[in-house]
Amino acid sequence: MNDYAIPDVLVSTEWVDQHKFDPNVVVVEVDVDTKAYEEGHVPGALGWNWQTQLCDTLRRDVISKADLEKLLSESGVSSDTTLILYGDNNNWFAAWAFWQLKMYGHEDVRIMNGGRKKWLAEGRVITKEVRQPKATTYTAKERDESFRSYLMQVQQAMSQKDTVMVDVRSGDEYTGKVLSPAGLPETCQRGGHIPGAVNVPWSQACNEDGTFKSKEELEALYGTKGVEANKNIIAYCRIGERSSHTWFVLKYLLGYPNVSNYDGSWTEWGNLVGAPVEKEAPVKATKEMAS
Amino acid sequence: MTTENFKEESRELNGTKVRITSYKIGNEFYCHVYNADPGATIARATANTLEDAMQKAIEKASARLSRAK
Numbered sequence: 001m002n003d004y005a006i007p008d009v010l011v012s013t014e015w016v017d018q019h020k021f022d023p024n025v026v027v028v029e030v031d032v033d034t035k036a037y038e039e040g041h042v043p044g045a046l047g048w049n050w051q052t053q054l055c056d057t058l059r060r061d062v063i064s065k066a067d068l069e070k071l072l073s074e075s076g077v078s079s080d081t082t083l084i085l086y087g088d089n090n091n092w093f094a095a096w097a098f099w100q101l102k103m104y105g106h107e108d109v110r111i112m113n114g115g116r117k118k119w120l121a122e123g124r125v126i127t128k129e130v131r132q133p134k135a136t137t138y139t140a141k142e143r144d145e146s147f148r149s150y151l152m153q154v155q156q157a158m159s160q161k162d163t164v165m166v167d168v169r170s171g172d173e174y175t176g177k178v179l180s181p182a183g184l185p186e187t188c189q190r191g192g193h194i195p196g197a198v199n200v201p202w203s204q205a206c207n208e209d210g211t212f213k214s215k216e217e218l219e220a221l222y223g224t225k226g227v228e229a230n231k232n233i234i235a236y237c238r239i240g241e242r243s244s245h246t247w248f249v250l251k252y253l254l255g256y257p258n259v260s261n262y263d264g265s266w267t268e269w270g271n272l273v274g275a276p277v278e279k280e281a282p283v284k285a286t287k288e289m290a291s
Numbered sequence: 001m002t003t004e005n006f007k008e009e010s011r012e013l014n015g016t017k018v019r020i021t022s023y024k025i026g027n028e029f030y031c032h033v034y035n036a037d038p039g040a041t042i043a044r045a046t047a048n049t050l051e052d053a054m055q056k057a058i059e060k061a062s063a064r065l066s067r068a069k
C-alpha cells in the first residue's frame, strides 16, 4: 500500500472484505460516535467503546494491562492474531486503540485505510449482528512507555533543540480562540498552546475519503513545519487521541524513529498553574526548532 | 444489507462549520452532524425518511451548538 515506511500496518477495505472471516483475523470497530457500531458494521467485527473499554475509568490513564488482557481475551484475540482496527472520522479512535495495543506489545495490529466511512461509501455489506467470539487467555507485554510522553518529559523537551512539539488540534484551539472544539465541553482553564509547538491539525493527514495521504504528501505536510525524521517528536492535542493518530502517521507511515504521544495534552497543560502558554504561531521558532 | 445513498456535505450551522453525513440502511435513514474539526459527533438522528432524519439531527445540533456558545 503506497510506499509507506511500514506499509503492513494498513489494509484496504477490499482486503478486509476478503479476510474478515479468516480464523486468525479479528476485526474491531472503534468509533468516536459510540452509537455508530449499532447502526451496522463490517460482518464479524466487534465493537469497542473508547470511553469505557479503552481507558482507565477510575483515574485518568490508558487502559491497564489487566483490563486490556480481559478485553482481548473476551474478543477472542491471541498473541498471534491479526487485529484489524477501523472506525469513523478518519480512523480517529482506531488510532487511539492502535497506540495502546502497540504500547502493550501486540505484534500484528493494522488499520483499515479509509475506515468506516469508506466501507459505507463503497456500499459494502454491513450487519447489525454482534458476533460472540470464543474467549482466549491473552497475556499482554509490559507497557512500553517510550510511546508516551509525560508532563515532566514535555517540560524538559521545551528547551531541547532536537525536539519538536506538534499541536495537532485545530488552528482555533492552537491560538486560544476557542477552549474546545465546537459542541464539546471546555476542559481547560486557559487557551493557546505549549510555547514553541507547531500546529499541524491531525486530519490534514487524510484525504476526503478518509484514507491516508501519500508518503510524499505527508512528508511535505510535516516537513514544512520542521517535523522531520531526525527530531525527537512529541505530539499532543486535547486529551491525547487526535495525537495518537498523528503518532501513527509519523511513526508507521513515515517511519520516524522518535515519536511519542503526550496524552496528558492540553487538558493537563492548559489547567496547570504557572505553565507558560503561547497563543500566536511561532513562525521563527518553527525554523529554529527545525535547524 | 448495505448502505445506500451515502452522502457527506459541509455547511455552517449557527456560525460553526459542520459536516453532515446521511445514508440509508435497511428501511431507516441516518443523519449525523459533526463539527468540522476534529469531527466529533454533535447530533445524530434516525427516521423513516431522509428529510426527517436530517431535520431532527440539524435541530439537535443547532440546539447543542447554541448552548455551547
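Keeping their order, the protein sequence lines are chains A and B.
This note's numbering numbers the first residue of the first sequence as 1 and each following residue consecutively.
This note's numbering numbers the first residue of the second sequence as 1 and each following residue consecutively.
From the three backbone atoms N, C-alpha and C, an ideal C-beta is built for every residue, glycine too.
Buried versus exposed call for residue i [16 or more other C-beta atoms within 10 Å across all chains shown]
| i | result |
| --- | --- |
| B/MET1 | exposed |
| A/ARG169 | buried |
| A/SER291 | Caution applies to A/SER291, whose pLDDT of 40 falls short of 50 and renders its modelled position unreliable; the model cannot decide the point. |
| B/ILE42 | buried |
| A/ASN113 | buried |
| A/ALA94 | buried |
| A/ALA157 | buried |
| A/VAL273 | exposed |
| A/GLN18 | exposed |
| B/SER10 | exposed |
| B/THR3 | buried |
| A/VAL125 | exposed |
| A/ARG116 | buried |
| A/MET152 | exposed |
| A/ASP263 | buried |
| A/PRO276 | exposed |
| A/CYS23 | A small correction: the amino acid at residue 23 of chain A is Pro; Cys does not occupy that position in the sequence shown. A/PRO23 should be labelled exposed. |
| A/LEU58 | exposed |
| A/ASP8 | exposed |
| A/GLY191 | buried |
| A/GLY105 | exposed |
| A/THR286 | Its pLDDT being 48, under 50, A/THR286 is placed unreliably in this model, and the value from its coordinates should be taken loosely. Buried, by the Cβ-count rule. |
Beta-carbon gap between residue i and residue j smaller than 7 Å
| i | j | result |
| --- | --- | --- |
| A/VAL198 | A/LYS177 | no |
| A/THR163 | A/ASN232 | yes |
| A/ARG110 | A/VAL11 | yes |
| A/GLU280 | A/TRP96 | no |
| B/THR16 | B/GLU8 | no |
| A/HIS193 | A/GLU268 | no |
| A/TRP48 | A/VAL77 | no |
| A/VAL32 | A/ASN89 | yes |
| A/PRO181 | B/ASN35 | yes |
| A/ILE63 | A/LEU54 | yes |
| A/GLU74 | A/ALA140 | no |
| B/ALA100 | B/ALA53 | No answer is possible for residue 100 of chain B: the residues shown for chain B start at 1 and end at 69. |
| A/LYS118 | A/GLY210 | yes |
| A/ILE234 | A/SER149 | yes |
| B/TYR23 | B/ASN5 | yes |
| A/ARG238 | A/SER265 | yes |
| A/GLN189 | A/ASN91 | no |
| A/THR82 | A/ASP108 | yes |
Closest by C-alpha distance to residue i, when choosing among the options
| i | options | result |
| --- | --- | --- |
| A/GLU129 | A/HIS106, A/GLU39 and A/GLU14 | A/GLU39 |
| A/ASP3 | A/VAL277, A/GLY255, A/GLU268 and A/GLU280 | A/GLY255 |
| A/GLY44 | A/VAL25, A/ALA220, A/TRP92 and A/GLU268 | A/VAL25 |
| B/ALA63 | A/LEU184, A/GLU142, A/ARG116 and A/LEU68 | A/LEU184 |
| A/TYR37 | A/LEU120, A/ASP8, A/ASP22 and A/GLU208 | A/LEU120 |
| B/ALA57 | B/PRO38, B/VAL33 and B/ARG67 | B/VAL33 |
| A/PHE98 | A/HIS245, A/TRP202 and A/GLU208 | A/HIS245 |
| A/GLU69 | A/GLU122, A/GLY171 and A/THR137 | A/THR137 |
| A/ASN258 | A/GLU217, A/TRP202, A/ASN230 and A/SER243 | A/ASN230 |
| A/ALA205 | A/GLY196, A/GLU219 and A/SER149 | A/GLU219 |
| A/ASP172 | B/ASP37, B/TYR23 and B/ARG19 | B/ASP37 |
| A/GLU216 | A/LEU250, A/PRO201, A/TYR236 and A/TYR86 | A/LEU250 |
| A/PHE212 | A/TRP266, A/GLN100, A/TYR86 and A/VAL154 | A/TYR86 |
| A/LEU253 | A/LEU221, A/GLY270, A/ASP144 and A/TYR236 | A/LEU221 |
| A/MET165 | A/GLY105, A/GLU142, A/TRP50 and A/TRP247 | A/TRP247 |
| B/GLU28 | B/GLU51, B/GLU12, B/ALA40 and B/GLY39 | B/GLU51 |
| A/GLU14 | A/THR34, A/VAL30 and A/VAL42 | A/VAL42 |
Within chain A, the residues that residue i reaches when beta carbons sit closer than 8 Å
| i | result |
| --- | --- |
| B/ILE42 | ALA182 and GLY183 |
| B/ARG64 | GLY183 |
| B/THR2 | GLY123, ARG124, VAL125 and ILE126 |
| B/THR16 | ALA182 and GLY183 |
Proximal chain B residues relative to residue i, where beta-carbon distance stays under 9 Å
| i | result |
| --- | --- |
| A/LYS20 | Within 9 Å Cβ-Cβ: nothing; A/LYS20 doesn't reach chain B, min ~15 Å. |
| A/VAL32 | TYR34, PRO38, GLY39, ALA40 and THR41 |
Under 8 Å by beta carbon: chain B residues contacting residue i
| i | result |
| --- | --- |
| A/VAL42 | The contacting residues do not exist; A/VAL42 stays about 11 Å from chain B at best. |
| A/SER170 | ASP37 and PRO38 |
| A/TRP202 | PRO38 |
| A/ASN90 | GLY39 |
| A/ARG242 | PRO38 |
Per-residue contacts from residue i into chain A (C-beta, under 9 Å)
| i | result |
| --- | --- |
| B/PHE6 | LYS117, LEU120, ALA121, GLU122 and GLY123 |
| B/ILE25 | GLU39, GLY40, LEU120, ILE126 and LYS128 |
Contact set between residue i and chain B, taken where Cβ atoms lie within less than 7 Å
| i | result |
| --- | --- |
| A/LYS35 | ARG44 |
Completely contained beta strand (DSSP E) runs for the region 252 to 288 of chain A, where each covers 3 or more residues: 259 to 261
Contained alpha helix (DSSP H) runs [length at least 4] in the region 59 to 131 of chain A, N- to C-terminal order: 65 to 74, 88 to 103 and 115 to 121
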